[in-house]
């Protein structure tokens, strides 16, 4: 395995980690939103 | 290993961004949290957004803050944003006051606008909190509030005044609270470190709304996924409301109002005085103008004499309870309002909003003097 391919795999893994962070961050936001929609009843 | 480094760096970067981003379009042109930026359309504002709005208002010459909280009536449902009652209140009060409308549709005196007022008190800035409520509820039980996430957020960020009864509830909720509170509390705790609500609210407001909602989808189709900043305040102009007059099922509204009046002891509402005592700290009560309001007289006039009597007695009882809790003033300003002052059973028309602003301005001025904010 060459040094270039090792660096390439390292970078790909790091990018996968960053993408996972974005997804995780967004999921935390979404699961915090109310499950039951809040429906305002005006009368 | 590089995967976890990427994960850690990614989370740290997003957390930092969430702590620093600010929607200036929201904060600098703020009128109210309208239907397209509230819980109804799947957008729960954060405590930091509330703080940014207040900070933006603090620019300019010093003034007494008048923070408006409470329900959709004070939020101005029924009034176009250009004719909202808080604009008339600002005009009546003048440049020495700065009115900020943080009332919410489905909100209460204790679950949203109070965050700004408490934050300002902690900063030792002059503030008067004005909040409305009905004979059924003034301060909501936290489980019933669509804005409970924002209250937890504010508490974890240290924006709220210390008040042991409320602090106990908020601190225990994450571990021992009912499910509805536990999820909100744990989410807010995590958010205080990772700032995901702040970041994605910012992204949704400025760039792309990733949270499709039936309210937005039905009205805007593909625009549901556009930036929320592009979705204007949907409230109608007076002539549009006038054109809709008569389209309401008045019998149904009468039933709703009657059931609300008859159901004053309904456990759904929770204990009136105890909820206010638990959720509103005494230091906030001391600068609060508590406003009780009445339903449209078109409906009230249809009460049976016994109902009218019971209703009147209940209002007096509620006002007395709030006074006993130490609210600075408790008033009932809509006593003389007519049918023309309402757009439906409870919400005020533009004319009603103007009357409300005119009635409240002298009370607020008197409070400012009494509290030593103004000579």
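Chains as they are written, first to last, in my numbering: chain A, 1 to 43; chain B, 44 to 418. Glycine included, every Cβ here is placed at the ideal spot set by N, Cα and C.
Between the alpha carbons of residue 283(B) and residue 122(B) lies a distance of about 11 Å. One alpha carbon belongs to residue 191(B), the other to residue 185(B), and they sit about 6 Å apart. Taking a contact to require three or more Cβ pairs closer than 8 Å, the segment 388-395 of chain B and the segment 200-210 of chain B do not qualify as touching. In this structure the segment 353-367 of chain B does not lie against the segment 72-88 of chain B, because fewer than three pairs of beta carbons, one per stretch, are closer than 8 Å. Residue 385(B) carries a strand assignment under DSSP once its states are collapsed to helix, strand and coil. Fully enclosed beta strand (DSSP E) runs of no fewer than 3 residues occupy 331-335 and 372-374 of the segment 316-378 of chain B, in order along the chain. Residue contact with chain B for residue 32(A): present (Cβ-Cβ distance below 8 Å to some residue of chain B). Here residue 338(B) has 300, 388 and 389 as same chain residues with Cβ atoms under 6 Å from its own Cβ, once five neighbours each way along the sequence are excluded.
In the three-state DSSP reduction, residue 52(B) falls in the helix class (H, G or I). Positions of the beta strand (DSSP E) runs, each at least 3 residues long and wholly inside the segment 68-109 of chain B, cannot be given because no such run exists. Rounded to the nearest whole angstrom, the CA to CA distance from residue 160(B) to residue 150(B) is 15 Å. Put simply, the CB of residue 4(A) is far from chain B, with every gap to its CB atoms at 8 Å or more. The residue from 274(B), 316(B) and 343(B) with its alpha-carbon nearest to that of residue 296(B) is 343(B). Under the Cβ criterion of 8 Å, residue 48(B) is counted among the residues facing chain A. With a threshold of 8 Å between beta carbons, residue 8(A) makes no contact with chain B. Looking at the backbone, the Cα of residue 376(B) and that of residue 405(B) are separated by about 12 Å. In this structure, the alpha-carbon of residue 179(B) lies about 18 Å from that of residue 118(B). Residue 275(B) sits exposed, since fewer than 16 C-beta atoms from the chains shown fall within 10 Å of its C-beta. The alpha-carbon of residue 198(B) is positioned some 51 Å away from that of residue 3(A). The shortest CA-to-CA distance from residue 294(B) to any of 341(B), 203(B) and 175(B) is the one to 341(B). In the structure shown, residue 113(B) adopts coil according to DSSP, grouped into three states. Cβ-Cβ distances below 6 Å link residue 206(B) to 324 in the same chain, with the five nearest sequence neighbours on each side left out; the list follows chain order. With a contact defined as Cβ atoms closer than 8 Å, residue 216(B) and residue 224(B) qualify at about 4 Å.
Scanning the segment 194-250 of chain B from its first residue to its last, the whole alpha helix (DSSP H) runs of 4-plus residues come out as 207-219, 222-237 and 239-249.
Per DSSP, residue 181(B) lies in no alpha helix (DSSP H) segment and is marked neither H nor E. For residue 141(B), there is no enclosing alpha helix (DSSP H); the residue is found in the beta strand (DSSP E) stretching over 140-144.
The Cβ of residue 198(B) sits no closer than 8 Å to any Cβ of chain A.
By DSSP's assignment, residue 17(A) forms no beta bridge with any residue.
Here residue 137(B) carries a coil assignment [DSSP, helix/strand/coil]. When 7 Å is used as the limit between beta carbons, residue 230(B) is near these residues of chain A: 32, in chain order. Closest in C-alpha terms to residue 182(B), from the list 201(B), 98(B) and 152(B), comes 152(B). The alpha-carbon of residue 27(A) is positioned some 12 Å away from that of residue 233(B).
Around residue 73(B), no beta-carbon contact reaches into chain A at under 8 Å, the shortest distance being about 20 Å. Listed by position along chain A, the residues whose Cβ is nearer than 7 Å to that of residue 52(B) are 18.
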